[in-house]
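Going line by line, the protein sequences match chains A and B.
Numbers 61 to 381, taken from our numbering, label the letters of the first sequence in order.
Numbers 8 to 326, taken from our numbering, label the letters of the second sequence in order.
Glycine included, each C-beta is placed from N, C-alpha and C at the ideal position.
Fair warning: this is a prediction, and the values are worked out from it, not measured in the lab.
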Amino acid sequence: MSLTYLDAIREAQRKALATDPRVYIYGQDVGEFGGAFKATRHLIKEFPGRVLDSPISEDAMVGSAIGAAIEGQRPIVEMQFADFSTVGLNQIVNQAATLHWRTQVPCPVTFRLPCGGTAGSGPFHSQMLEALYAHFPGLIVMTPATVEDAYSMLLEAVAIEDPVVFCEHKFLYYHLKADALPAAALPSGKARIARPGRDVTVVAYSAMVHEALAAAAALAREGWEAEVVDLRTVKPLDTDTMIASVARTGRLLAVGEAWPWGGVTAEVVARVASEAFELLDAPPQRLNAKDTPVPFHPDLWTAHRPTAESIAAAARRLLQL
Amino acid sequence: MLLARVLDGRMASLYRAGKIYGGVFLGKGQEALSASLGLSLRKGDVFGPLIRDLAGRLAFGEPVLDVVRTHLGSALGPMQGRDGNVHRGRPREGLLAMISHLGAMISVVNGALMARRMKGDRMAVGAASVGEGATSTGSFHEAINQAAVEKLPLVLVVANNQYAYSTPTSRQFACADLLERASGYGVQGTTVDGTDLSDCLKGVGHAVEEARRGRGPQMVIARLLRLCGHGEHDDAGYIEEPLKASPLGRDCLQVAQDFLARQGWAFEHEIRNWRREAEAQVEKAVEEASREPGPDPYREDWCALASKHLSQVYLQPLG
Numbered sequence: 061m062s063l064t065y066l067d068a069i070r071e072a073q074r075k076a077l078a079t080d081p082r083v084y085i086y087g088q089d090v091g092e093f094g095g096a097f098k099a100t101r102h103l104i105k106e107f108p109g110r111v112l113d114s115p116i117s118e119d120a121m122v123g124s125a126i127g128a129a130i131e132g133q134r135p136i137v138e139m140q141f142a143d144f145s146t147v148g149l150n151q152i153v154n155q156a157a158t159l160h161w162r163t164q165v166p167c168p169v170t171f172r173l174p175c176g177g178t179a180g181s182g183p184f185h186s187q188m189l190e191a192l193y194a195h196f197p198g199l200i201v202m203t204p205a206t207v208e209d210a211y212s213m214l215l216e217a218v219a220i221e222d223p224v225v226f227c228e229h230k231f232l233y234y235h236l237k238a239d240a241l242p243a244a245a246l247p248s249g250k251a252r253i254a255r256p257g258r259d260v261t262v263v264a265y266s267a268m269v270h271e272a273l274a275a276a277a278a279l280a281r282e283g284w285e286a287e288v289v290d291l292r293t294v295k296p297l298d299t300d301t302m303i304a305s306v307a308r309t310g311r312l313l314a315v316g317e318a319w320p321w322g323g324v325t326a327e328v329v330a331r332v333a334s335e336a337f338e339l340l341d342a343p344p345q346r347l348n349a350k351d352t353p354v355p356f357h358p359d360l361w362t363a364h365r366p367t368a369e370s371i372a373a374a375a376r377r378l379l380q381l
Numbered sequence: 008m009l010l011a012r013v014l015d016g017r018m019a020s021l022y023r024a025g026k027i028y029g030g031v032f033l034g035k036g037q038e039a040l041s042a043s044l045g046l047s048l049r050k051g052d053v054f055g056p057l058i059r060d061l062a063g064r065l066a067f068g069e070p071v072l073d074v075v076r077t078h079l080g081s082a083l084g085p086m087q088g089r090d091g092n093v094h095r096g097r098p099r100e101g102l103l104a105m106i107s108h109l110g111a112m113i114s115v116v117n118g119a120l121m122a123r124r125m126k127g128d129r130m131a132v133g134a135a136s137v138g139e140g141a142t143s144t145g146s147f148h149e150a151i152n153q154a155a156v157e158k159l160p161l162v163l164v165v166a167n168n169q170y171a172y173s174t175p176t177s178r179q180f181a182c183a184d185l186l187e188r189a190s191g192y193g194v195q196g197t198t199v200d201g202t203d204l205s206d207c208l209k210g211v212g213h214a215v216e217e218a219r220r221g222r223g224p225q226m227v228i229a230r231l232l233r234l235c236g237h238g239e240h241d242d243a244g245y246i247e248e249p250l251k252a253s254p255l256g257r258d259c260l261q262v263a264q265d266f267l268a269r270q271g272w273a274f275e276h277e278i279r280n281w282r283r284e285a286e287a288q289v290e291k292a293v294e295e296a297s298r299e300p301g302p303d304p305y306r307e308d309w310c311a312l313a314s315k316h317l318s319q320v321y322l323q324p325l326g
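#1: Could you tell me which whole beta strand (DSSP E) segments of length 3 or greater appear in the segment 148 to 205 of chain A?
#2: By the DSSP assignment, the alpha helix (DSSP H) with A/M61 in it spans what residues?
#3: Run down chain A in chain order and give the residues with a C-beta less than 9 Å from the C-beta of B/E307.
#4: Going straight from the alpha carbon of B/C310 to that of A/I220, what length do you get?
#5: Would you mind sorting A/A240 into buried or exposed? The rule is 16 or more other CB atoms within 10 Å of its CB.
#6: For B/L208, count neighbouring C-beta atoms within 10 Å of its own C-beta (all shown protein chains included) and say buried if the count is 16 or more, exposed if not.
#7: Residues in the same chain with beta-carbon distance under 6 Å from B/E239, minus the five sequence neighbours each way, listed in chain order, please.
#8: Taking B/S177 as the reference, give the member of B/D128, B/E139, B/H213, B/D206 with the closest Cα.
#9: In the DSSP output, which residue or residues are listed as bridge partners for A/V83?
#10: When the Cβ atoms of the segment 149 to 166 of chain A are set against those of the segment 188 to 199 of chain A, are three or more pairs found closer than 8 Å?
#11: Check the C-beta distance from A/Q133 over to A/Y84 and give it rounded, since I have them as a contact under 8 Å.
#12: Let's see if you can read the secondary structure: which residues bound the beta strand (DSSP E) around A/D359?
#13: For the segment 312 to 319 of chain B against the segment 207 to 226 of chain A, do three or more pairs of beta-carbon atoms, one drawn from each stretch, fall closer than 8 Å, so that the two count as touching?
#14: According to DSSP, is B/H78 helix, strand or coil?
#15: Verify the CB distance criterion: does B/A111 have a CB-CB separation below 9 Å to chain A?
#16: So B/L260 and B/R230 are in contact, right, with Cβ under 8 Å, and what is the actual spacing, rounded?
#17: Counting only beta-carbon atoms, is A/R172 nearer than 9 Å to chain B?
#18: Within 9 Å of any Cβ in chain A, is that where the Cβ of B/A82 sits?
#19: So A/Y84 contacts chain B; which residues on that side make the cut at Cβ distance below 8 Å?
#20: Please check if any C-beta of chain B sits within less than 9 Å of the C-beta of A/I253.
#21: Could you confirm whether any beta carbon from chain B is found closer than 9 Å to the beta carbon of A/P166?
#22: For B/C207 and chain A, any beta-carbon pair shorter than 9 Å?
#23: Just the C-alpha distance for A/A314 and A/Q187, rounded to the nearest angstrom, thanks.
#24: Determine, for A/L246, whether the minimum Cβ-Cβ distance to residues of chain B falls below 9 Å.
#25: Which residues, taken in chain order from the segment 178 to 204 of chain A, show a beta carbon closer than 7 Å to some beta carbon of chain B?
#26: Contact between the segment 286 to 294 of chain A and the segment 265 to 275 of chain A: three or more CB pairs below 8 Å?
#27: Counting only C-beta atoms, is B/G145 closer than 9 Å to chain A at any point?
#28: Run the CB neighbour count on A/H428, radius 10 Å, all protein chains shown included, and call it buried at 16 or more, exposed below.
#29: With 7 Å as the limit, tell me which residues of the segment 220 to 240 of chain A have their beta carbon closer than that to any beta carbon of chain B; keep them in chain order.
#30: Residues of chain A with a CB under 8 Å from the CB of B/Q225: which are they?
#31: Report the residue from B/A181, B/S114, B/A171, B/F180 whose alpha carbon sits nearest the alpha carbon of B/L161.
#32: Going along chain A in order, which residues have a C-beta closer than 7 Å to the C-beta of B/A119?
#33: Buried or exposed, going by whether 16 or more other CB atoms sit within 10 Å of the CB of A/L381?
#34: Where does B/C182 land, buried or exposed, given buried means 16+ other C-beta within 10 angstroms?
#35: Taking 9 Å as the CB-CB cut-off, is B/E149 touching chain A?
#36: Could you tell me whether the Cβ of A/N348 comes closer than 9 Å to any Cβ of chain B?
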């Protein structure tokens, strides 16, 4: 059996629907059509009445999910593209994120955001919004990078009592394959050492983990051993694992596909610098997408986001500092 | 209505005395509409109130003490000092805790109704209350459309009180009548005279009944005038004199009292007694809440997540 990252997301939803009658899926075209990316294909047949097509109304989609969560349901809201979630931003950050702290009533809603770039997607179908949501107290932001994590973390997202922004990367949908789904997994909020190394720590998440791993393979051919840390969850952020890695390597490169200003990589560098400055042998570095809207043309897009080549180049510079 | 007017008045006097955190927003002039909605709903229904819905909240069962505690920032109030005055609620009991973004609560009511339907409860009605200003927001349009598509038992009450803060209706919408919005979405609509309790009870009550019978979402537009500023900080100098002098500017409480007297259902001294009882009830709550402690920043857990393990282990290593 071979399963893709997208299959894992579908299987996690199938399992959640099968095991918990409170779970339902709400989003545009998620019913008979099976979702724009087919993440809900056939689920409506298995779970009639629990996979519901919504109008094109992200604000109302999120608002209604919050109302249902108050009543004890566990909605999964599929945003067709992460970019469209900004229409529901008010409901996510002001309503879902604040509900528990204000009222002690939890808000167990999962927002599935197909995010990140694929060639030709352009400015409105490829943004990375994890830093935006991570900024707000009350939200958990997951950024799975593997088939196994896509499955286990989505199940955990549905199970926990808090609103989760689940950033699933579209580039990984069909590119990643695994033989089987995991029976057990690291809990969310815990980072993973994706590749051990002794010379430099590359902290990455989502699709950038695979670019970082490819960069590490290239560096290995030159005699450098890069340690790749997969954050898995950007909020909460596992500072301990990052610092433990920097303790082994002495150097930190934080990589993100999102924009640089105030993003996840900025937070990674800030935490390591303020808590473990004495472990660093060189100034911590960041590599992000360029600070422009995401371009449409594949040549521009490839140059816009970090790649294995640009990560390896940044690591080489850092190793020589 | 009377209790709400007295309680609102007491909160306003505490505000002027500097005893209230944040603002005080009165329902003066909107009590007939609000009380009609609260009285038409049943226990088990869902209510997303408007900032001026004290009368409806009380009629729906909100304790007077909750109102006072929240305004005074008591740690024993339903919001524990974490959120104030009009944002209070008891979501588990169907009384939603509003956010300030007007219009955003309508879809939350929709979701509660969708959940009820999924759980097999088809008897519950959900009411959302907004002002005419909220009808300009995207949330309003998305939510009423959603309710219509899902055929939800939503009662959407719009208090057209002529001003959204200081903005008159002429700068808020260009349609001749907000009622047109109902038919535009395939929703049944009705208009009531917001200054007249019996008209409100009839119109709102009918809408709630229709929703409960499975006739889909209902919209009630009430014409009235806010008889106060946006909040107690606002002298409302922008409200035009001709409006105040028009039938729209009647005080719904006085209209209701005159009606009771005319019908011979209540004598003037009885109404005076009711007011005294209301004042005593409010005073008791103020005394009680005044003695209660405020929230303690040193005991506050400062944890926004319900999943405490995630917060404690990983979220705030920087303190």
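In short:
#1: 170 to 175, 200 to 202
#2: Within the first sequence, residue 61 of chain A is the residue found at index 1, counting from 1. For A/M61, there is no enclosing alpha helix (DSSP H), since its DSSP letter is neither H nor E.
#3: Here residue 307 of chain B corresponds to residue number 300 of the second sequence, with the count starting at 1. In chain order: nothing, as chain A lies at least about 10 Å away.
#4: Taking the first residue of the second sequence as position 1, residue 310 of chain B is located at position 303. Taking the first residue of the first sequence as position 1, residue 220 of chain A is located at position 160. Rounded to whole angstroms, B/C310 to A/I220 spans 15 Å at the Cα level.
#5: Residue numbering aside, residue 240 of chain A sits at position 180 when the first sequence is read from its first letter. That one is exposed.
#6: Working through the second sequence from its first residue, we reach residue 208 of chain B at position 201. It is buried - the Cβ of B/L208 has at least 16 other Cβ atoms within 10 Å.
#7: Here residue 239 of chain B corresponds to residue number 232 of the second sequence, with the count starting at 1. The answer, listed in chain order, is A19, Y22, V31.
#8: Residue numbering aside, residue 177 of chain B sits at position 170 when the second sequence is read from its first letter. The alpha carbon of B/S177 has as its nearest neighbour, out of B/D128, B/E139, B/H213, B/D206, the alpha carbon of B/E139.
#9: Taking the first residue of the first sequence as 1, we reach residue 83 of chain A at position 23. Per DSSP, A/R134.
#10: yes
#11: The count along the first sequence starts at 1 and reaches residue 133 of chain A at position 73. The count along the first sequence starts at 1 and reaches residue 84 of chain A at position 24. The beta-carbon distance between A/Q133 and A/Y84, rounded to whole angstroms, is 6 Å. This is short enough to meet the 8 Å contact definition.
#12: The count along the first sequence starts at 1 and reaches residue 359 of chain A at position 299. First-last for A/D359: 358 to 364, but that is the alpha helix (DSSP H), not the beta strand (DSSP E).
#13: yes
#14: Locating residue 78 of chain B in the second sequence gives position 71, where the first residue counts as 1. B/H78: helix per DSSP, three-state reduction.
#15: Counting from 1 along the second sequence, the entry for residue 111 of chain B is found at position 104. Yes, because at least one Cβ of chain A sits closer than 9 Å to the Cβ of B/A111.
#16: The residue given as residue 260 of chain B occupies position 253 in the second sequence. The residue given as residue 230 of chain B occupies position 223 in the second sequence. Between B/L260 and B/R230 a beta carbon distance of about 17 Å is seen, past the 8 Å cut, so the two are scored as non-contacting.
#17: Taking the first sequence and counting its residues from 1, the one referred to as residue 172 of chain A is at position 112. Output row for A/R172: interface = no.
#18: One-based indexing of the second sequence puts residue 82 of chain B at position 75. No, its Cβ sits nowhere closer than 9 Å to a Cβ of chain A.
#19: Here residue 84 of chain A refers to the residue found at position 24 when the first sequence is read from its first residue. Ordered by position in chain B, the residues that pass the 8 Å Cβ test against A/Y84 are M125.
#20: In the first sequence, the residue the question calls residue 253 of chain A occupies position 193. By this cut-off, A/I253 is not an interface position.
#21: Position 106 of the first sequence holds residue 166 of chain A. Output row for A/P166: interface = yes.
#22: Position 200 of the second sequence holds residue 207 of chain B. Taking Cβ atoms only, chain A never reaches closer than 9 Å to B/C207, which makes this a no.
#23: Locating residue 314 of chain A in the first sequence gives position 254, where the first residue counts as 1. Locating residue 187 of chain A in the first sequence gives position 127, where the first residue counts as 1. Answer to the nearest angstrom: the Cα atoms are 19 Å apart.
#24: In the first sequence, the residue the question calls residue 246 of chain A occupies position 186. With 9 Å as the cut-off, A/L246 does not count as an interface residue toward chain B.
#25: Taking 7 Å as the Cβ-Cβ cut-off against chain B, the residues of the segment 178 to 204 of chain A that qualify are P197, G198, I200.
#26: At 8 Å Cβ cutoff, the stretches touch.
#27: Walking along the second sequence from the start, residue 145 of chain B turns up at place 138. With 9 Å as the cut-off, B/G145 counts as an interface residue toward chain A.
#28: No answer is possible for residue 428 of chain A: it lies beyond the span of chain A, which begins at 61 and ends at 381.
#29: Under the 7 Å Cβ criterion, the segment 220 to 240 of chain A contributes I220, E221, D222.
#30: Start at 1 with the first residue of the second sequence, and residue 225 of chain B comes out as number 218. Taking a Cβ-Cβ threshold of 8 Å, none of the residues of chain A is close to B/Q225; the smallest such distance is about 18 Å.
#31: Position 154 of the second sequence holds residue 161 of chain B. The shortest Cα separation from B/L161 among B/A181, B/S114, B/A171, B/F180 belongs to B/S114.
#32: In the second sequence, the residue the question calls residue 119 of chain B occupies position 112. Scanning chain A for C-beta atoms nearer than 7 Å to the C-beta of B/A119 yields G127, A128, I130, E131, reported in chain order.
#33: Start at 1 with the first residue of the first sequence, and residue 381 of chain A comes out as number 321. Counting Cβ neighbours within 10 Å, A/L381 comes out exposed, since fewer than 16 surround it.
#34: The residue labelled residue 182 of chain B in the question sits at position 175 within the second sequence. So B/C182 ends up on the exposed side.
#35: Indexing the second sequence from 1 puts residue 149 of chain B at position 142. Output row for B/E149: interface = yes.
#36: As a working mapping, residue 348 of chain A is identified with position 288 in the first sequence. No, A/N348 does not count as interfacial toward chain B.
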